[in-house]
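Residue numbers (the numbering used here), protein chains in the order written: chain A, 11 to 135; chain B, 9 to 505.
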């Protein structure tokens, strides 16, 4: 069962890419704008998962220097630290996107893209 | 020594000014001098940095004196410092122009917020230009994409909010792809510093060719999306035409170039020219560039709105930059990097003069430009110069980039690119010349028939004149820029050593 082992070993990466594709599909195809914001969030989460998985080592401890035991088998802390920045960025994008959506809802009374487009067309006629 | 810290001084100055701008009332007398002063001082610092780099050669700047592998590093070479200077000067002119023009678009009490966004935008662009760290690049990129959405949606229109939302979504897809690509590079090399990454990649790339290919395709797609190369340009026309004029000028003139320059950095400084040529990714780039050059112009011909037309023309012009990158010889890079600066000047001139026309007359439709040259001779004069540059008339800087691009295409034995450049030049002529001709030669159907001086504020006239003059000066003396690029080229073409 070498195949199954390979899948199990790389389950993080497979999960990350699955999430990435789910997110991308949602952003590009969904007509509800709120769900598009959610889709972007899923994509970002996928990348965070991917990034953190790179630094993960099976059986390693948290990267805290232990003077007594002299443990030196640590998980790579750099990806996790970077992902903290990434999460901040993701939150600000979500907040900004949602604030735009509030304004759009005030203007159109709906968040469905096809309804907005048909309202625009009516307004132009 | 003071000169070592110049990059940080510029960034900190912009950051402090951005944060403190809302503290001053827009009606107070200090407001305008503070804004203009900030960018002037920053430009002077950038000029000093350029002189220092020109005399002493490129330098690295390590933040907090950390080792470059652990900490964040800036790398300032000749072209980088020139680009920083150009970005600062052009944004200074755009901001001087915007002092009056922006009141047309947004209420006065909101202008401080607008300038906060603008200054943050300039800050993040400079960071992206100078940084030598992949993750730092991503962070600056996110600041840039948020602020550039912000300067669009600050005008509370339906169209603006929609355009901004579209830009935000697609821009986020782009930056997430870039981050994924960076993650994969990190997976292969274990470094984020561009120099260290490049060293590791050159020794291990044959072990992980697929990984590097996937990572590069993610990064290139993301940067291409943000730089609006043809199939990925869908957000650009809405965003750049709906935005207030100064925002459009800075977005179309500078911001998309920053992504193109980041692509140059990632392709040539991180991956290295040998690997690019070995997996022939630059060839695919030229295909998209050519499609972009032609299709951008084709779309622009059908446009009635002047700002939309200019936005589509940006899609075509970014194609030239990408063609230069894709050719990937020294001449190609010279052409691409020259066009980055040349187009920044031309497109800001075009957008600002279109903005001045809208400010004075409210005309946005291309077919209503008849006789406007009598009313706004200076504005339309600047517009004509930049339009001639876009078409590629000798004497204006747009011609020189096409010339270098043509030489580069001959050099690699693909004269077919020259045919496409010529086609695009003709198409540019088809949509720019009628505007110029009708503005200067046709009878106006408005009541002012006599020649008058431009009735726009001085702060709007001066930037137009300076930018128009700059287009001609860099067109007549392209060596000013080309010499700088040629001195910086070895840092991109590592095989030269």
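Backbone N, C-alpha and C define an ideal beta-carbon position, used for all residues, glycine too.
Exercise for the section: Closer than 7 Å, Cβ to Cβ, to anything on chain B: give me those residues from the stretch 61-92 of chain A, in chain order. Expected result: 61, 64 and 92
Exercise for the section: Could you run through the stretch 159-174 of chain B and flag, in chain order, every residue whose CB is less than 8 Å away from some CB of chain A? Expected result: 161, 164, 166, 169, 170, 172 and 173
Problem - Cβ neighbour criterion (16 or more within 10 Å) applied to residue 434/B - result: exposed
Exercise for the section: Scan the stretch 59-104 of chain B and note each continuous alpha helix (DSSP H) run of 4 residues or more that stays entirely inside, going in chain order. Expected result: none
Exercise for the section: Given a cut-off of 8 Å, decide if residue 109/B and residue 254/B are closer than it, judged by their beta-carbon atoms. Expected result: yes
Practice task
Check whether the stretch 38-45 of chain B touches the stretch 55-75 of chain B, taking contact to mean three or more Cβ pairs, one atom from each stretch, closer than 8 Å.
Solution key: no
Practice task
Taking residue 23/B as the query, report the chain A residues whose CB atoms sit under 8 Å from its CB, ordered along the chain.
Solution key: Neighbours of residue 23/B on chain A: none; closest Cβ ~16 Å, over 8 Å.
Exercise for the section: Please report how far the alpha carbon of residue 348/B lies from the alpha carbon of residue 397/B, in whole angstroms. Expected result: 13 Å
Exercise for the section: Sort 46/B, 118/B, 341/B and 90/B by Cα distance to residue 290/B and report the nearest one. Expected result: 341/B
Practice task
Identify each residue in the stretch 29-51 of chain B for which the Cβ-Cβ distance to at least one residue of chain A is less than 8 Å, and report them in chain order.
Solution key: none
Practice task
For chain A, find out if any of its Cβ atoms is closer than 8 Å to the Cβ of residue 306/B; answer yes or no.
Solution key: no
Practice task
Under 8 Å between beta-carbons, which chain B residues line up against residue 95/A? List them in chain order, please.
Solution key: 143 and 147
Practice task
Taking residue 251/B as the query, report the chain A residues whose CB atoms sit under 8 Å from its CB, ordered along the chain.
Solution key: Here the premise fails: no neighbours, minimum Cβ distance about 14 Å.
Handout entry: For residue 240/B, the first and last residue of its enclosing alpha helix (DSSP H)
Key = Residue 240/B -> no alpha helix (DSSP H), and no H or E assigned at all.
Exercise for the section: Report yes or no: do the stretch 41-53 of chain B and the stretch 11-29 of chain B share at least 3 C-beta pairs separated by less than 8 Å? Expected result: yes
Practice task
Give me the Cα-Cα distance between residue 509/B and residue 230/B, rounded to the nearest whole angstrom.
Solution key: The first residue shown for chain B is 9 and the last is 505, placing residue 509/B beyond what the model contains.
Problem - Distance, residue 492/B Cα to residue 339/B Cα - result: 13 Å
Exercise for the section: State the Cα-Cα distance for the pair residue 418/B and residue 412/B, rounded to the nearest angstrom. Expected result: 10 Å
Problem - Secondary structure of residue 141/B, DSSP reduced to three states - result: strand
Practice task
Would you identify the three-state DSSP class for residue 19/A, choosing helix, strand or coil?
Solution key: helix
Exercise for the section: State buried or exposed for residue 214/B, treating a residue as buried only when at least 16 other CB atoms are found within 10 Å of its CB. Expected result: exposed
Practice task
Check whether the Cβ of residue 103/B lies closer than 8 Å to any Cβ atom in chain A.
Solution key: no
Problem - Residue interval of the alpha helix (DSSP H) (run including residue 15/B) - result: 14-28
Handout entry: Cβ distance (whole Å) where residue 130/B is taken to contact residue 236/B below 8 Å
Key = No, residue 130/B and residue 236/B are not in contact; Cβ-Cβ is about 20 Å, not under 8 Å.
Problem - Closer than 8 Å to chain B by CB, residue 117/A - result: yes
Practice task
Return helix, strand or coil for residue 373/B, following the three-state DSSP convention.
Solution key: strand
Practice task
Give the residues of chain A in contact with residue 177/B, contact being defined as C-beta atoms less than 7 Å apart.
Solution key: 37, 46 and 50
Practice task
Classify residue 194/B as buried or exposed, calling it buried when 16 or more other Cβ atoms lie within 10 Å of its own Cβ.
Solution key: buried
Handout entry: Nearest-angstrom Cα separation, counted from residue 399/B out to residue 333/B
Key = 21 Å
Practice task
Please go through the stretch 19-61 of chain A and give each complete alpha helix (DSSP H) segment of 4 or more residues, from N-terminal end onward.
Solution key: 21-39
Exercise for the section: For residue 17/A, collect the residues of the same chain with a Cβ closer than 7 Å to its Cβ; drop the 5 residues on either side in sequence, then sort them by chain order. Expected result: 24
Handout entry: Where residue 54/A meets chain B, residues with beta-carbon distance less than 7 Å
Key = 184
Exercise for the section: Give the DSSP-derived three-state secondary structure of residue 201/B in the structure shown. Expected result: strand
Handout entry: Pairwise C-alpha distance: residue 498/B and residue 505/B
Key = Bear in mind that a pLDDT of 33 at residue 505/B, under 50, signals an unreliable position, so the number given afterwards is only what the model happens to contain. The straight-line gap from Cα to Cα measures roughly 7 Å.
Handout entry: With 16 other Cβ atoms within 10 Å as the buried cut-off, status of residue 361/B
Key = buried
Exercise for the section: Check the Cβ-Cβ distances between residue 366/B and every residue of chain C, and say whether any is below 8 Å. Expected result: Of the chains in the structure shown, none is chain C; the protein chains are A and B.
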